[in-house]
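What follows is one structure encoded as C-alpha cells, with my remarks underneath.
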C-alpha cells in the first residue's frame, strides 16, 4: 500500500483535459518520448506521476499503465504514467484519477488516498 496525492500544485498543475492532453504544456517528464503520440493514446487514460516502491523508473516507466485500487473503497481505475515524482508514491491527476477513486470523499478530506497498484497492459 502507498499514498497517492492529487496533482494540485505539483508536477502536472491542472487537469489533463484543461491542458488539451498536451504533455509538453504540463512539462511532464515523459513528454520527450510520448508528447507526439496520437491524441487518442494520450487521452485514453488519466495521468499519473509514478515513484512507487516497485516498478520501472524514469523513461522505462513512461507510457506504462497502472491499475490503481483505493484500499478503503475498492474503487479501481487505470492510469497512464506520464511523469515522475519524488514522494515515494503516485501523484494522480485530480479530475481523471483522484476524484473517481475517492468515491467516499475520505481522500479529499485526508489530503491523500491509500492505494494499491499493479502494472497492467494498456491495450495500445
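Numbering (full-length UniProt numbering), first residue to last: 1 to 124.
All residues carry an ideal CB built from backbone N, CA and C; glycine is no exception.
Fully contained in the UniProt domain "Barwin" (1-124) are the following alpha helix (DSSP H) runs of length 4 or more, in chain order: 31-34, 39-43 and 106-110. Scanning its chain for C-beta atoms nearer than 8 Å, with the 5 sequence neighbours on each side dropped, one finds around residue 33 the residues 59, 62 and 63, in chain order.
Rounded to the nearest whole angstrom, the CA to CA distance from residue 73 to residue 39 is 31 Å.
Distance from residue 66 to residue 79 at the Cβ level is roughly 5 Å; contact confirmed, criterion being Cβ atoms closer than 8 Å. Out of 85, 71, 75 and 53, the CA that lies nearest to the CA of residue 47 is found in 85. For residue 107, same chain residues with a beta-carbon under 6 Å away, outside a window of 5 residues either side, are 113 in chain order. Separation of the CB atoms of residue 51 and residue 89 is rounded to 7 Å, and the pair is thereby assigned contact status at 8 Å. Residue 96 and residue 53 have their alpha carbons spaced roughly 23 Å apart. Apart from sequence neighbours up to five positions away, the residues of its chain that approach residue 68 with a beta-carbon distance below 8 Å are 4, 48, 76, 77, 78, 79, 90, 92, 97, 101, 115, 116 and 117, ordered along the chain.
Burial state of residue 82 is buried, judged by a 10 Å Cβ sphere holding 16 or more other Cβ atoms. When the alpha-carbon of residue 17 is set against those of 35, 43 and 31, the nearest one is in 43.
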